[in-house]
Each structure stands twice: as structure tokens, then as C-alpha cells.
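In what follows, a structure is listed as C-alpha cells, so that the remarks can point back to it.
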Amino acid sequence: GIDSFGAVLSRLWVGLAGSQSRLMAAYLQAVSSIIPLMPEKYASEYITLVMNVVMVQFENPEEEMKRTLLKVIKQCLDNQEIKPSFVIEKMLSRFWDSFWIRKLTIDRLIVQQLTEATLSLAKKIGSMLVLPRLVLLLK
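Following the numbering used here, the numbering of the sequence shown begins with 52 at its first residue and continues without gaps.
Here it is in C-alpha cells:
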């Protein structure tokens, strides 16, 4: 259970709080990989904490961080504990402004992860909120 991850999670959070750039990306990936193994009660708390860190990093210009953020977003959105209302209110517009930009959509390394994260987003909040934004980008 979660008790066996307690020591690891506390060290990961300390490392996450005191790191930047690539090291932060590694900590984010590690924490988001443990979340699916947690009971619902703990998973929802950690997802909220991770998503707050992720949203702060949306403006980070580094491509490796963008790839990591997209992986973490997909993992969190695929989890049942994150609520659609949280995604719509806190993340949706910032996600579009930060990731659906020309520079990222033409990068082959990022476009697959961007597509997967957007699909997870559509599954979580409904395609009617995602498709109109995609159509605008295609024009």
C-alpha cells in the first residue's frame, strides 16, 4: 500500500520543491508514476499537488520539460480521481495557450505526446469542449 511509498514520496516532494529544469522533470515523472498505485484517497491529494506544480511549469520554454509535462498531464488525466471541473476551471485554457502553439505542433518528438494528452483531456472533460478549439487551430 501507500505506507511502503511514504519514505520515497516524502523525498520526492522535497526534491521536487528544491529543483529546477531537468531534475524537476525527473521528480515529476517519478511522482506521477507512483500515483496510480495509491488508494483513491491519497491519489486525489497527490494529483492536485502534482497538477499545481505542472501548471506553474506550463510557461517553461524547455522542450524536455514540455514533453515531461505532457506525460504527467496524460497520466493524471487518465486517473479517475481528477475531476472534470478541476480540469475545466484551472487547466484548460492554460493548456491550450502553452502547448497548442506552432513551435510545438511541428516538433515530431512532442506532437505525439501532445496528441495523447489532448485525447486524455477530451475523454476527461468531453469532446465538445476540445473539438471547437482544435477546429480553430486547423483554419
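Note that beta-carbon positions come from the ideal geometry of N, C-alpha and C, so glycine has one too.
Since we're looking at a predicted model, the values are computed, not measured.
Over the uninterrupted alpha helix (DSSP H) stretch that includes residue 164, give me the two end residues. Segment 159 to 176, the alpha helix (DSSP H) holding residue 164.
Please identify the residue among 121, 188, 96 whose C-alpha is closest to the C-alpha of residue 146. Checking every option, the nearest Cα to that of residue 146 belongs to 121.
Quick one: which unbroken alpha helix (DSSP H) runs of 4-plus residues sit fully inside the segment 78 to 142? Chain order, please. Runs of the alpha helix (DSSP H) inside the segment 78 to 142: 91 to 107, 114 to 128.
Nearest candidate by alpha-carbon position, reference residue 150, set 179, 164, 94: Nearest to residue 150 by alpha-carbon distance, out of 179, 164, 94, is 164.
Rank 118, 89, 127 by C-alpha distance to the C-alpha of residue 158 and give the top, closest one. Each of 118, 89, 127 was checked against the Cα of residue 158, and the nearest Cα belongs to 118.
Straight-line gap, residue 89 to residue 72 (C-alpha atoms, nearest Å): Spanning the two alpha carbons is a distance of roughly 26 Å.
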